[in-house]
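Just below is one structure, and these are the notes that go with it.
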Amino acid sequence: MMRTSVSQYMVKRPLYTEDDFTQEHEKVCRQHKTMLNHVQQYFTCNRQRAKNALLSVLPIISWMKIYRIKEWLMGDVVSGVSTGLVAVLQGLAYSLLASLPAWYGLYAAFFPVVIYFFLGTSRHISVGAFPVLSLMVGTVVTRLVPENGSQANITGFEGLSVDEQRAVVAASLTVLIGIFQLAMGLLQAGFIVIYLSDTLVSGFTTAAAVHILVSQLKFVLGLKVAGFSGPLSIIYTLEKIFGQITSTNLHDLVTSVIVMVVVLTVKELNERFKSKLPVPIPIEVIMTIIACGVSYAFSFNEYYGVDIVGRIPDQFEAPMAPNPQIFQETALEAFPMAIVGFAVAFAVAKVYSNKHDYVIDGNQELIAFGASNIIGGAFKSLVSSTALSRSAVQESTGGKTQVAGVLSAVIVLIVILGIGFLLEPLPKSVLGAVVMVNLKGMLLQVCHVPYLWKKDRPDCVVWLVTFVASVLLGLDLGLAVGLGAELIAVVYRTQFPRCCVLANIVGTDIYRDRKDYVDLYEPEGVKIFRIPSPIFFANIDFLRGKLIDAVGFSPLRVLRKRNKALRKIRKLLRKGQLSLTSKGLQTAGSLSGSEDESSVEDLDLPADFSGLPVQVNWRAELPASISVPPVNIHSLVLDFSAVSFIDVSALKGLKMALKEFIRVDVEVYIVACDPYIFEKLKSCEFFDEEIQTSIFFLTTHDAMLHILQRNPPLSVSEKVFKNTSELSNGVSLRSRDKTDKAPETRF
């Protein structure tokens, strides 16, 4: 059988320790900036910085300069009209989730879109109401202004109807959310989104979809069910719904079922034939128009008790100042809403920026959404983010820039000021059906759980915990629990990493886990231990335990046993119960003596051979029935290639662990250490008489070549001779090799 040729490379270089490499290759001396330098640079202003700041704050300037009218304008027009129609429908529907009159959702499709046009960095997302956020707002609204029961004692509610009070709460909450987002943007806190993993967001949005589904059942069934908030609210809502199930309005139910079946069917056709369709069929808009016509023609509201959208004002409401008392009541709930709204929008924006090859700025996105919500809230707009389905419409219909977004806002403006009255007969059950159909994507995320269970169980646990907590405890508490679970998962991964013992792939300088390969070479007396994570206060004890398991003995226990043995030998020699013969130390007469009264702390010090006339061979049988645990290695290599940082607390534990091995005559080497970690060890006084910088090598192979030079592998005959010699001599009679020092232990 012929072997296929493979590419090869050969390298000839000296064997490097870190010290040798530093001496041979001069490093560049870099001047690191101090905190004062950073502050001075931040507040230094010049023409270029002013220009960059202006372009950063107003991204519209950058992309408008490259706008291609002939190539992009028609696509933006088609996209703007299509997105505007969808935005109108979703604005009406998502207002119901927030327990508000329908027209407030239209404001969310206008004011925030215009502000984002100037400040946003994404060219494709459609700004407006987002179902999860709307539901979270609805939870706060129903808590402060319940349909039945006592309302919160808030100044400014006097003389207002329930709907008007709820509008004030939602608008003030929107402004507060915007303030949080704007503050985070100004403080450059856009990085906060990285703490919301895809797994957590998936579990959270799936739970939100369940809440939305349950909240829309009352509209689909035509029931009057009071809103609930707080833990187990979903259980109470279902209990009320099923308690009134016999009062279902059949006209609402039949209308909803027909709308859902038709919309789902056409959406599947849109997906299947999207390559052939120039524009997706706007089935939701079509069904809405049909439902409005049927409802108006047959007077659904008057004759069949069908709840309809009702009056839609043909003008904007006057702007209002937010209520500071509502700020106090809702601050704890507003902050997670600000995070969720930004995280979802940023995730969607990132997908389209990668697809169309442009850059988005997380901090500027926070500023854009913050300003959008502050100004929108002042005009009683619902809180804005982005909806996945609406953004997909804007991008798939040819939208190239936020010009499409502005045109969609124009469509919304026409509806508000001109033709909104045509939507007044629209049954709320139709809006509920449209909302439920659009939950399909979020609900199907549950199918990802079996895959997570097979591939990454900690991630799967995070998903399940977030989902269950969000369903049962509510979205705000559920998000907090999910973040806690995610933090525990991260701590678990770093605190209990998968350590392994490496061995050499024969004929190469490659080292891999010895359990994974067949053709491996592991020199006798050498252990290569890989640490696959940062070393910090929480995992240093775990790593030390894993290291002891890998080498097969506890160096501290061995050291204590050896010190006890030396003291016993020294005491027996003084009493004459041991004598020196040609075969080593032999017992003379019966042995007796008191127990060692030395302190335990002294047993942890390096072995003291003073007062002994000979070398002790710890591998051989010792006199006077003295036993010491065996040490079957002479060298230990620690692979630091995956160690990204080490904290001061862990330095102490690492230093003590290395000293314990060195004191039982095991040579310790550290390889592939990051230069910055190496410098940190120097600055933290890690090195002393026992631990030298010479134990650091550039690579594992450098260290192994050095070890094999110092400890050449024995032949079979040499091994037999060595074992026989050790068994016949408990104590070696060789003279001391080093002057002014105790005898060396022989292996």
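Following numbering that gives the first Met the number 0, the numbering of the sequence shown begins with 0 at its first residue and continues without gaps.
The beta carbon of each residue, even a glycine, is placed where N, CA and C say it ideally should be.
These figures come from a predicted structure and were not determined experimentally.
**Asked** How many angstroms separate the CA atom of F345 from the CA atom of G481?
**Response** 19 Å
**Asked** CA-CA distance, H633 and Q691?
**Response** 17 Å
**Request:** With a cut-off of 8 Å on the beta carbons, I'd call P622 and L577 a contact; round off their distance for me.
**Result:** 6 Å
**Residues that DSSP places opposite D512 in a beta bridge** = L501
**Message:** Count Cβ pairs between the stretch 420–438 and the stretch 249–269 that sit closer than 8 Å; are there 3 or more?
**Reply:** yes
**Three-pair Cβ contact test at 8 Å for the stretch 78–92 versus the stretch 273–287** = yes
**Prompt:** Which ranges does the alpha helix (DSSP H) cover as unbroken runs of at least 4 residues, wholly within the stretch 629–673, from first to last along the chain?
**Reply:** 647–662
**Asked** Whose C-beta lies closer than 7 Å to the C-beta of F541 among residues of the same chain, with five residues either side of it excluded?
**Response** Q494, F495
**Request:** Could you say if the stretch 192–212 and the stretch 460–477 meet the contact criterion of at least three C-beta pairs nearer than 8 Å?
**Result:** yes
**Message:** Taking 7 Å as the threshold (C-beta atoms), are G83 and S395 in contact?
**Reply:** no
**Request:** Have a look at the DSSP bridge pairing and note the partners of T385.
**Result:** V126
**Message:** Which of the three DSSP states is assigned to I338 in this structure?
**Reply:** helix
**Request:** Could you spell out the range, first to last residue, of the beta strand (DSSP E) harbouring F775?
**Result:** An answer regarding residue 775 cannot be provided, because it is not within the stretch 0 to 746 covered by the chain.
**Request:** Would you decide whether F190 is buried or exposed? Buried here means 16 or more other CB atoms lie within 10 Å of its CB.
**Result:** exposed
**Message:** Please return the same chain residues whose Cβ sits closer than 8 Å to the Cβ of G74, not counting the five positions on each side in sequence.
**Reply:** T396, G397, G398, K399, A403
**Close beta carbons around A337, own chain, < 6 Å, minus the five adjacent residues each side** = I176, F179, Q180
**C-alpha distance - H24 paired with E17, whole-angstrom precision** = 10 Å
**Message:** Within 10 Å of its beta-carbon, does R310 have 16 or more other beta-carbons around it, so buried, or fewer, so exposed?
**Reply:** exposed
**Asked** Is it true that the CB of S255 sits closer than 7 Å to the CB of V219?
**Response** yes
**Request:** Measure the CB-CB distance between V461 and T154 and report whether it falls below 7 Å.
**Result:** no
**Request:** Tell me where the beta strand (DSSP E) around V405 begins and ends.
**Result:** Note, V405: premise wrong, no beta strand (DSSP E); alpha helix (DSSP H) at 402–413.
**Request:** State the Cα-Cα distance for the pair V77 and V392, rounded to the nearest angstrom.
**Result:** 10 Å
**Asked** Can you tell me the Cα-Cα spacing of V350 and L381, whole angstroms?
**Response** 25 Å
**Asked** Whose C-beta lies closer than 7 Å to the C-beta of Y516 among residues of the same chain, with five residues either side of it excluded?
**Response** I504
**Message:** For A649 and A537, I'd like the C-alpha separation in whole angstroms.
**Reply:** 8 Å
**Request:** Compute the beta-carbon to beta-carbon distance between P318 and F378, rounded to the nearest angstrom, for a pair I have assumed lies under 8 Å.
**Result:** 5 Å
**Message:** Rounding to the nearest angstrom, what Cα-Cα distance links R561 and R29 in this structure?
**Reply:** 48 Å
**Prompt:** Going along the chain, which residues of its own chain have a beta-carbon closer than 6 Å to the beta-carbon of G340, five neighbours each way excluded?
**Reply:** L132, S384
**From Q47, A108, Y194, L159, residue whose alpha carbon lies closest to that of G483** = Y194
**Prompt:** Taking just the CA atoms, how far does V38 sit from L331?
**Reply:** 33 Å
**Asked** With DSSP run on the structure shown, which of helix, strand or coil describes I625?
**Response** coil
**Request:** Taking R46 as part of the alpha helix (DSSP H), name the residues at either end of that continuous run.
**Result:** 46–56
**Prompt:** Can the beta-carbon of I661 be found closer than 7 Å to that of I534?
**Reply:** no
**Prompt:** Can the beta-carbon of G184 be found closer than 7 Å to that of I366?
**Reply:** yes
**Message:** Between A348 and I359, how many whole angstroms is the CB-CB distance? I'm expecting something under 8 Å.
**Reply:** 5 Å
**Prompt:** Taking just the CA atoms, how far does A320 sit from H447?
**Reply:** 45 Å
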